[in-house]
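**Student:** Right, I'll just put the structure down here and ask away after.
In this note's numbering, the protein residues as written are 515 to 737.
Listed below in structure tokens is the structure:
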């Protein structure tokens, strides 16, 4: 984790019954990431990190594990035995708990946005410097419709938080939300870090049930 996020801004109390849309998309990350279900090989990356390579009758798995902290880290890849990519799952550590932060599902080795939960970051430049950071958030299509979506973020220069905001995003459609962060005032800064949390609240009318999708952000921008 690159920076300690402003938890006063990012922590939200949820007292809702949550049926997450990544489950609606028939992704079972807990099963796929269970290393006891694979025959494993490993190699040491450094004193702390081990990289695992495993397989079972259906899948290959590959990813890194922090041996000191005893948790998975970064992106884990699961592919079919025919080498076709099945899913990639990004692990985010919240306290001492592993969260499946971004989940990419693939169809013929291309990201299936209708079944994935992830974000894309792109930039706008002015005079060769980053002037805007555009975030596009994607969540799985389902029987749930989006009620609203919030973005909480902090901008850091070095270790100092220079900007902290909560934004209520405009709903364009139920599965794709976007927001641009103006960085023009920081054009003379070489290293910028954006940490934050995207939260989408959705509702299933038939089940009268609320769903929540979360994606944590950690992005280092170098100019």
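Every residue gets a Cβ at the ideal spot worked out from N, C-alpha and C, and that includes glycine.
Find the nearest neighbour of residue 465 within the set 639, 663, 609, 657, judged by alpha-carbon distance.
**Tutor:** This structure leaves residue 465 out entirely; the chain is present only between 515 and 737.
**Student:** Can you tell me which of the three DSSP states residue 527 falls into?
**Tutor:** Residue mapping note: residue 527 aligns to position 13 of the chain shown, counting from 1. Here residue 527 scores only 40 on pLDDT, less than 50, and its place in the model is too uncertain to base an answer on.
**Student:** What separation, rounded to the nearest whole angstrom, lies between the Cα atoms of residue 701 and residue 613?
**Tutor:** On the chain shown, position 187 is the one that residue 701 refers to. On the chain shown, position 99 is the one that residue 613 refers to. If I take the Cα positions, the gap works out to 33 Å.
**Student:** Tell me the residue span of the beta strand (DSSP E) that contains residue 683.
**Tutor:** Within the chain shown, the letter at position 169 stands for residue 683. Element bounds for residue 683: 674-683.
**Student:** Can you tell me whether residue 668 is buried or exposed? The criterion is at least 16 other CB atoms within 10 Å of its CB, across all chains shown.
**Tutor:** Numbered from its first residue, the chain shown carries residue 668 at position 154. Residue 668 comes out buried.
**Student:** Evaluate contact between the segment 635-648 and the segment 574-594, counting only Cβ atoms and requiring at least three cross-stretch pairs below 8 Å.
**Tutor:** Not touching, per the Cβ criterion.
**Student:** So, under 8 Å CB-CB, residue 727 and residue 624 are touching, yes? Tell me the CB distance rounded to an integer number of Å.
**Tutor:** If you number the chain shown from 1, residue 727 lands on position 213. If you number the chain shown from 1, residue 624 lands on position 110. Incorrect: roughly 22 Å between the Cβ atoms, too far for contact.
**Student:** Taking a contact to mean a Cβ-Cβ separation below 7 Å, would you say residue 606 touches residue 596 in this structure?
**Tutor:** Numbered from its first residue, the chain shown carries residue 606 at position 92. Numbered from its first residue, the chain shown carries residue 596 at position 82. No, Cβ-Cβ distance for residue 606 and residue 596 is not below 7 Å.
**Student:** Can you give me the Cβ contacts of residue 537 inside the same chain, cut-off strictly under 7 Å, excluding the 5 residues immediately before and after it?
**Tutor:** Residue 537 sits at position 23 when you count from the first residue of the chain shown. Since pLDDT at residue 537 reaches only 44, below the 50 mark, its modelled position is unreliable, and no value is offered.
**Student:** What residue from 713, 560, 567 has the CA that sits closest to residue 692's CA?
**Tutor:** One-based indexing of the chain shown puts residue 692 at position 178. When each option's Cα is compared against that of residue 692, the closest is 713.
**Student:** Just confirm the distance between the C-beta atoms of residue 731 and residue 708, as a whole number of angstroms; I'd bet it's less than 8 Å.
**Tutor:** Here residue 731 refers to the residue found at position 217 when the chain shown is read from its first residue. Here residue 708 refers to the residue found at position 194 when the chain shown is read from its first residue. Right, their Cβ atoms sit about 6 Å apart.
**Student:** Please report the straight-line C-alpha distance between residue 657 and residue 622, rounded to a whole angstrom.
**Tutor:** Here residue 657 is taken as the residue at index 143 of the chain shown, counted from 1. Here residue 622 is taken as the residue at index 108 of the chain shown, counted from 1. Rounded to whole angstroms, residue 657 to residue 622 spans 25 Å at the Cα level.
**Student:** Counting C-beta neighbours from all protein chains within 10 Å, is the total for residue 725 16 or more, i.e. buried, or is it exposed?
**Tutor:** The count along the chain shown starts at 1 and reaches residue 725 at position 211. Buried, by the Cβ-count rule.
**Student:** Taking residue 573 and residue 553 to be in contact with their CB atoms under 8 Å, please state how far apart those CB atoms are, rounded to whole angstroms.
**Tutor:** Working through the chain shown from its first residue, we reach residue 573 at position 59. Working through the chain shown from its first residue, we reach residue 553 at position 39. Rounded, the Cβ-Cβ distance is 11 Å, inconsistent with contact.
**Student:** Report yes if the CB atom of residue 591 is closer than 7 Å to the CB atom of residue 576, and no otherwise.
**Tutor:** Counted from its first residue, the chain shown places residue 591 at position 77. Counted from its first residue, the chain shown places residue 576 at position 62. Result yes, Cβ atoms of residue 591 and residue 576 sit closer than 7 Å.
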